[in-house]
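For the sequence shown, position 256 matches number 457 in our numbering, and the numbering has no gaps at all. Don't be surprised by glycine CBs; every beta carbon is placed ideally from N, CA and C.
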Amino acid sequence: MDVGSFGFTIAGLVVGFIVGMTGVGGGSLMTPILLWFGVNPATAVGTDLLYAAITKASGVWVHGRNKNIDWKITGWLSLGSVPAAALTLWFLSTLHADTSALNAVIKQGLAVVLILTALAILFKSRLQAFANRHAGDHYHLSDRNLNILTVLTGVVLGVMVTLTSIGAGALGTVALFLLYPFLVTRRLVGTEIAHAVPLTLVAGLGHAGMGNMDWSLLGYLLLGSLPGIYLGSHLTGRISDSVLRPCLAAMLLMIGYKLAF
C-alpha cells in the first residue's frame, strides 16, 4: 500500500471513528477530506455516496431487527428523495461535458450544505427541545398534510445529497424531529438511516454511471472506516456531546466558508 492509499485508509478510520462515536459527520467530513487530498469534486461526491450506502446498510439491518424503523415515514421520504435524486443527476449530466462548471456547482453546493449541517449539529438539542415543547400544541398537522411535508422534505434531501453527498444525516434527523416530535429517538435515527441507504445508493450509482467514481478509493475508505465505526461505537458517551458537537460544527463551518469564498 503506497503513502496515498494509506492516507485514504486513515481518513476512513478517522471518519468512521467519529461516526461511530457521535452518529453524525460521515459525508460532511469525508467529502471535504477527499477534496483536501486533491480528489476531483465530482469523483469525491460520487465515491462518498456509495461509501455511505455501504456503511449505512449494516445500520439498517441492526435497526430493522430491533424494530427501530418506521417504514411508512421512510416510504414517504423516499417518494420525494429518489425522484429528486434522479432529476438532480440529469441536471448534473447536462454539465458533465463542462468539468469546470460541474465542479463549481458541486463546490458551491457543498459550501451551503456544510454550513447548514454545522448549524443543525450545533443547535440540534435546542431544536429537539422546541419540537418536544410544542408537540401538543394545536398547530399539529393532519395526516395528509404531514405526508405532503414529509415528501417535500425528501425532495430537498434528495437534491442536497445527490449534489453534495451531505445532508441525509444531520439535516434529515432535524427535519424528522420537527415533523414527528412524538417519534422516539431510536426510531427516528433508524428511520433516517433506512431512508439514507436507497437515496445514497441511487445517487451513487448515478454518479458512477457518469464516471464520477473511484472504486479503488472506495475500497481504501471502507478498509479504514469499518473498524473505525466499530471502535467509535464502543466509546459512545465517553466524551460529552457538549464538547464533540461544537467542535464538529466549528470545523464544518470553517470548511464551508473556505469552499464558498
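(request) Could you name the residues of the same chain whose beta carbon sits closer than 6 Å to that of Ala-285, not counting the 5 residues immediately before and after it, in chain order? (result) Val-356, Gly-359, Val-360
(request) Look up Asn-413 in the DSSP assignment and say whether it is helix, strand or coil. (result) coil
(request) Would you identify the three-state DSSP class for Leu-296, choosing helix, strand or coil? (result) coil
(request) Label Thr-351 either buried or exposed according to how many other C-beta atoms from any shown protein chain fall within 10 Å of its C-beta, with 16 as the threshold for buried. (result) buried
(request) Specify the secondary structure class of Leu-377 as computed by DSSP and reduced to three states. (result) helix
(request) List the whole-angstrom C-beta distance separating Phe-400 from Val-283, where the pair is believed to meet the contact cut-off of C-beta under 8 Å. (result) Residue identity check: residue 400 is Leu in the sequence provided, not Phe. With a Cβ gap of about 7 Å, Leu-400 and Val-283 count as contacting.
(message) Assuming contact is defined by CB atoms lying nearer than 8 Å, are Leu-328 and Val-390 in contact in what I supplied?
(response) Their beta carbons are not under 8 Å apart, which means Leu-328 does not touch Val-390 by this criterion.
(request) Decide if Ser-301 is buried, meaning its Cβ has at least 16 other Cβ atoms within 10 Å, or exposed. (result) exposed
(request) Reducing DSSP to helix, strand and coil, say where Phe-207 ends up. (result) In this structure, Phe-207 counts as helix in the three-state DSSP scheme.
(request) Could you have a look at Ala-369 and say whether DSSP puts it in helix, strand or coil? (result) coil
(request) Closer than 6 Å by C-beta to Ile-274: which residues in its own chain qualify, once you throw out the five before and the five after it? Chain order, please. (result) Thr-392
(request) Would you be able to state if there are at least three C-beta pairs under 8 Å between the stretch 377–385 and the stretch 420–429? (result) no
(message) Taking its Cβ as the centre, do 16 or more other Cβ atoms sit within 10 Å of Pro-233, making it buried, or is it exposed?
(response) Pro-233 counts as buried, since no fewer than 16 other beta carbons sit within 10 angstroms of its beta carbon.
(message) Just to confirm, is the Cβ distance from Ile-367 to Gly-260 under 8 Å?
(response) no
(request) Can you tell me which of Phe-207, Gly-412, Ala-461, Tyr-381 puts its alpha carbon nearest to the alpha carbon of Asn-348? (result) With distances taken between Cα atoms, Asn-348 lies closest to Tyr-381.
(message) Between the alpha carbons of His-264 and Ser-229, how many angstroms are there, rounded?
(response) Going by C-alpha positions, His-264 is about 23 Å away from Ser-229.
(message) I'd like to check one pair, His-396 with Val-246: are the Cβ atoms closer than 8 Å?
(response) no
(message) Can you check which of these residues, Ala-212, Ala-319, Ala-287, is closest to Leu-449 by C-alpha distance?
(response) Ala-319
(request) Report the three-state DSSP secondary structure of Val-263 (helix, strand or coil). (result) Val-263: helix per DSSP, three-state reduction.
(message) Here's the rule I'm using: 16 or more other beta-carbon atoms within 10 Å means buried, otherwise exposed. How should Thr-363 be labelled?
(response) With 16 or more Cβ atoms within 10 Å of its Cβ, Thr-363 is classed as buried.
(request) Mind reading off the beta-carbon distance from Gly-405 to Leu-214? Whole number of angstroms is fine, and I expect it under 8 Å. (result) At roughly 21 Å, the Cβ-Cβ gap does not stay under 8 Å, so Gly-405 and Leu-214 are not in contact.
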